[in-house]
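Plus 36 on top of the position in the sequence shown (first one is 1) and you've got the numbering used here. Below you'll find the structure, written out as structure tokens, and then a few comments.
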Amino acid sequence: MTWDGTYDVGHFGPPEGSLLVRNLRAVVTGRLGEAPLPASSIRVEGGRIVAIGDEGGDADVVVDAQGAVAVPGLIDTHSHVVFGDYTPRQHAIGWLESYMHGGVTRVMSASEVHLPGRPNDRAGVKALAIAAQRAYANFRPGGVKVMGGSVICEPVLTREDFQELAAAGVRLMKVGFGAFSDPAEAAPQVAWAKEAGLLVMCHSGGASIPGSRPITVDHLLALRPHIAGHINGGTTALPDEDLVRLIEGSDMALQLVQAGNLRSSLFILRQARERGALGRVILGTDTPSGTGVMPLGMLKTIAELSSLGGLAAADAIALATGNAARVLSVEDGVLEPGRPADMVLLQEPWGGTQPGPLESLQFGDIPGICAVIIDGQIRALRSRNTPAAARQVVVHARGRSYP
């Protein structure tokens with residue numbers, strides 16, 4: 037059993053094997069309002085968590101966490117994937133695998149809008165969504181779970197088209213880039229998509245790419261998508277007074293992104309807390325985009341919301357994990373028995389001022405990632421993107437130790 041540095045196929049132990057992470061400092065569950073568990077171990081069988089506690093024993097693969105804190109793998113709910121591990125937007129190769137080195141284990145497509153020559157006819161729009169969904173179902177760069185194939189809402193789409201898309205496996209729709217003269221005209225398509233079981237996200241705020249239009253809170257309240265996308269701006273934020281209307285007048289998920297307006301994010305966070313709506317807040321990067329490719333975008337957003345927004349680090353992490361998982365209806369995002377073993381092991385950064393990774397986030401520092409595990413398979417040890425961790429994990433497998 038050897039370490040394959042490509043991570044795409046390499047891992048310690050087969051998916052059906054056992055893995056024990058021991059010598060943990062704590063476990064962040066990913067549930068909003070839950071304090072970190074004082075657990076020292078996580079046992080995994082067949083890619084799923086079977087126990088969290090203070091278990092000893094042996095396993096096919098044993099990870100000595102050296103006092104790391106385990107957190108759920110981060111879920112980027114606003115990612116402009118196209119095909120493969122390449123983005124034409126910034127001509128970057130290997131960006132998804134690089135995001136895994138930033139703790140991201142799942143990304144949700146916000147539409148494949150950056151495809152050169154993107155079609156907007158009825159057949160082409162459907163074909164693009166189906167092809168992207170199929171491609172990412174078969175390809176996981178760095179082990180990252182890509183929810184690809186977000187159909188771009190266009191006026192040519194009919195109720196029958198959404199039934200066809202759903203039957204083909206497409207589960208997502210994005211409003212905001214279609215050829216509507218007024219965004220409110222997309223209301224029938226939103227209703228049909230919901231009827232077919234698709235999860236609908238809508239652009240909000242100022243116009244982004246050429247050909248798009250501003251989408252206001254009045255549009256959002258008329259369309260009623262499941263997710264109000266990047267309400268802190270993508271990159272131009274909504275007015276503060278309209279954000280309050282959105283929080284109070286709807287039950288939409290409230291998405292904050294790294295490629296938006298930080299001042300607006302902190303305002304939204306404060307308003308959501310005061311109104312008991314933190315459970316609706318989810319996080320994304322809105323990348324690749326004009327802002328760039330940001331492998332540490334999710335961790336940076338968590339650090340900003342915790343350090344500047346006064347949110348406990350475990351709760352800031354929950355916005356990017358448990359909250360997102362609930363909105364996306366996926367099993368990962370929470371560390372508990374029965375769930376997929378998607379987790380990130382964090383240490384305080386080497387040379388930092390804080391005693392642990394959660395304290396580092398609350399101070400505004402990016403912690404060091406010392407392991408990324410997806411479906412019980414080790415996909416990375418020391419991150420090539422985060423600051424160096426104060427301590428590195430040691431992996432024991434078949435009588436050998438790594439590194």
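Note that the Cβ used here is the ideal one computed from N, Cα and C, for glycine as well.
Open item on the list: I need the DSSP call for P439, collapsed to helix, strand or coil.
Closed with: As a working mapping, residue 439 is identified with position 403 in the sequence shown. Reduced to three states, the DSSP call for P439 is coil.
Task: Element boundaries [beta strand (DSSP E), containing H432] - done: Within the sequence shown, numbered from 1, the residue matching residue 432 stands at position 396. Taken as a continuous stretch (DSSP letters only), the beta strand (DSSP E) holding H432 covers 430–433.
TODO: Kindly indicate which three-state DSSP category G89 falls into: helix, strand or coil?
DONE: Position 53 of the sequence shown, counting from 1, holds the residue named residue 89. G89: strand per DSSP, three-state reduction.
Open item on the list: Quick check: the Cα distance between V366 and G179, rounded to an integer number of angstroms?
Closed with: Numbered from 1 along the sequence shown, position 330 holds the residue referred to as residue 366. Numbered from 1 along the sequence shown, position 143 holds the residue referred to as residue 179. If I take the Cα positions, the gap works out to 16 Å.
Task: From R420, G130, A264, residue whose alpha carbon lies closest to that of V363 - done: By one-based count along the sequence shown, residue 363 stands at place 327. It is A264 whose Cα lies nearest to the Cα of V363.
TODO: Using a threshold of 8 Å, state whether the C-beta atoms of A308 and L290 are closer than that.
DONE: In the sequence shown, counting from the first residue as 1, residue 308 sits at position 272. In the sequence shown, counting from the first residue as 1, residue 290 sits at position 254. Against a cut-off of 8 Å, the Cβ pair of L290 and A308 comes out as a contact.
Task: Whole-angstrom distance between I338 and A349, CA atom to CA atom - done: Residue numbering aside, residue 349 sits at position 313 when the sequence shown is read from its first letter. Residue numbering aside, residue 338 sits at position 302 when the sequence shown is read from its first letter. Rounded to whole angstroms, A349 to I338 spans 7 Å at the Cα level.
- [ ] Quick one: residues in its chain with C-beta nearer than 6 Å to the C-beta of T38, no 5 flanking neighbours on either side, listed in chain order?
- [x] On the sequence shown, residue 38 is found 2 positions in, with the first residue counted as 1. Confidence in T38 is poor, its pLDDT being 41 and thus under 50, which makes the residue's placement too unreliable to answer from.
TODO: Please work out which residues of its chain come closer than 7 Å, Cβ to Cβ, to V118, disregarding the five sequence neighbours upstream and downstream, and give them in chain order.
DONE: By 1-based counting over the sequence shown, the position of residue 118 is 82. Contacts found: P124, E148, H150, L151.
Open item on the list: Is there a C-beta anywhere in chain B that falls below 8 Å from the one on C238?
Closed with: Chain labels in this structure do not include chain B; a single protein chain is all it has.
TODO: State whether the segment 424–431 contacts the segment 124–137, with contact taken as three or more CB pairs (one from each stretch) at a distance under 8 Å.
DONE: no
Open item on the list: Taking 7 Å as the limit between beta carbons, can you name the residues of its chain near A354, skipping five residues before and five after?
Closed with: For this step, residue 354 is matched to residue 318 along the sequence shown. Cβ neighbours of A354 beyond the five flanking positions: G66, R67, L68.
Open item on the list: If you reduce the DSSP assignment to three classes, tell me which class S300 lands in.
Closed with: Within the sequence shown, the letter at position 264 stands for residue 300. Helix.
Open item on the list: Quick check on the DSSP output: the alpha helix (DSSP H) that includes S343 runs from which residue to which?
Closed with: As a working note, residue 343 is residue 307 in the sequence shown. Per DSSP, S343 belongs to the alpha helix (DSSP H) from 333–345.
- [ ] Could you give the DSSP three-state label for S396: helix, strand or coil?
- [x] For this step, residue 396 is matched to residue 360 along the sequence shown. It is helical.
Task: Length of the line joining the Cα atoms of T42 and M209 - done: Position 6 of the sequence shown, counting from 1, holds the residue named residue 42. Position 173 of the sequence shown, counting from 1, holds the residue named residue 209. With a pLDDT of 40 at T42, under the threshold of 50, the modelled position of this residue cannot be trusted, and the question is left open.
Open item on the list: I'd like to confirm the pairing. Which residues does DSSP put opposite G185 in its beta bridges?
Closed with: As a first step, residue 185 must be located in the sequence shown, where it is residue number 149. As computed with DSSP, G185 is found in no beta bridge at all.
Task: Close Cβ partners of I166 (< 8 Å) along its chain, the five nearest in sequence each way excluded - done: Position 130 of the sequence shown, counted from the start, is the residue given in the question as residue 166. Excluding positions up to five away in sequence, the list reads G185, L201, A204, G205, V206.
Task: Nonlocal neighbours in the same chain, by C-beta distance under 7 Å from G296, ignoring five residues either side - done: Within the sequence shown, numbered from 1, the residue matching residue 296 stands at position 260. Within the same chain, G296 has close Cβ partners H266, N268, G269, G270, T271, A273, D322.
Task: Beta-carbon gap between I251 and G285 smaller than 8 Å - done: For the purposes of this step, residue 251 is taken as residue 215 along the sequence shown, with counting starting at 1. For the purposes of this step, residue 285 is taken as residue 249 along the sequence shown, with counting starting at 1. Against a cut-off of 8 Å, the Cβ pair of G285 and I251 comes out as no contact.
Task: For L302 and S343, the rounded distance between their alpha carbons - done: Numbered from its first residue, the sequence shown carries residue 343 at position 307. Numbered from its first residue, the sequence shown carries residue 302 at position 266. Computed Cα separation, rounded: 10 Å.
Task: Own chain residues within Cβ distance below 7 Å of E91, not counting five before or after - done: Residue 91 sits at position 55 when you count from the first residue of the sequence shown. Around E91: S77, R79.
Open item on the list: Give me the residue from Q225, H137, G328, S217 with the minimum Cα distance to S248.
Closed with: Numbered from its first residue, the sequence shown carries residue 248 at position 212. Ranking Q225, H137, G328, S217 by Cα distance to S248 puts S217 first.
TODO: Write down every uninterrupted run of the beta strand (DSSP E) in the segment 74–122 whose length is 3 residues or greater and which is fully enclosed by it, in chain order.
DONE: 77–81, 84–89, 97–100, 105–108, 110–115
Task: Reduced DSSP secondary structure (H/G/I, E/B, other) of I166 - done: Here residue 166 corresponds to residue number 130 of the sequence shown, with the count starting at 1. The answer is helix: DSSP assigns I166 an H, G or I state.
Task: A87 and P373 closer than 8 Å at C-beta - done: For this step, residue 87 is matched to residue 51 along the sequence shown. For this step, residue 373 is matched to residue 337 along the sequence shown. Yes, Cβ-Cβ distance for A87 and P373 is below 8 Å.
Task: For I304 and L279, believed in contact at Cβ under 8 Å, the rounded distance - done: Looking up residue 279 in the sequence shown gives position 243. Looking up residue 304 in the sequence shown gives position 268. Confirmed, Cβ separation roughly 6 Å.
Open item on the list: Going by DSSP, what residue range makes up the alpha helix (DSSP H) through A229?
Closed with: Position 193 of the sequence shown holds residue 229. 223–231 is the span of the alpha helix (DSSP H), which, as asked, contains A229.
Open item on the list: Strictly by DSSP, which residues pair up with G326?
Closed with: The residue given as residue 326 occupies position 290 in the sequence shown. DSSP, once it has assigned bridges, lists no residue as partnering G326.
Task: Member of Q199, Y438, L382 whose CA lies at the smallest distance from the CA of R61 - done: Taking the first residue of the sequence shown as position 1, residue 61 is located at position 25. Measuring from the Cα of R61, the nearest candidate turns out to be L382.
Task: 4 or more residues per run - each alpha helix (DSSP H) lying fully within the segment 171–219 - done: 195–203
Open item on the list: Just verifying my parser: in three-state terms, what is the DSSP assignment at G46?
Closed with: The residue given as residue 46 occupies position 10 in the sequence shown. Because G46 carries a pLDDT of 42, less than 50, the predicted location of this residue cannot be relied on, and the following value inherits that uncertainty. G46 falls in the coil class under three-state DSSP.
- [ ] Rounded to whole angstroms, what's the CA-CA distance from I414 to V408? Just pull it up for me.
- [x] In the sequence shown, residue 414 corresponds to position 378, counting from 1. In the sequence shown, residue 408 corresponds to position 372, counting from 1. A straight-line Cα-Cα distance of about 6 Å links I414 and V408.
TODO: Check whether the Cβ atoms of G109 and I405 lie closer than 8 Å to each other.
DONE: Your numbering for residue 109 matches position 73 in the sequence shown. Your numbering for residue 405 matches position 369 in the sequence shown. Their beta carbons are not under 8 Å apart, which means G109 does not touch I405 by this criterion.
Task: Nearest-angstrom Cβ-Cβ length linking A75 and G89, presumed shorter than 8 Å - done: Taking the sequence shown and counting its residues from 1, one reaches residue 75 at position 39. Taking the sequence shown and counting its residues from 1, one reaches residue 89 at position 53. That belief holds up - the Cβ atoms of A75 and G89 are roughly 5 Å apart, short of 8 Å.
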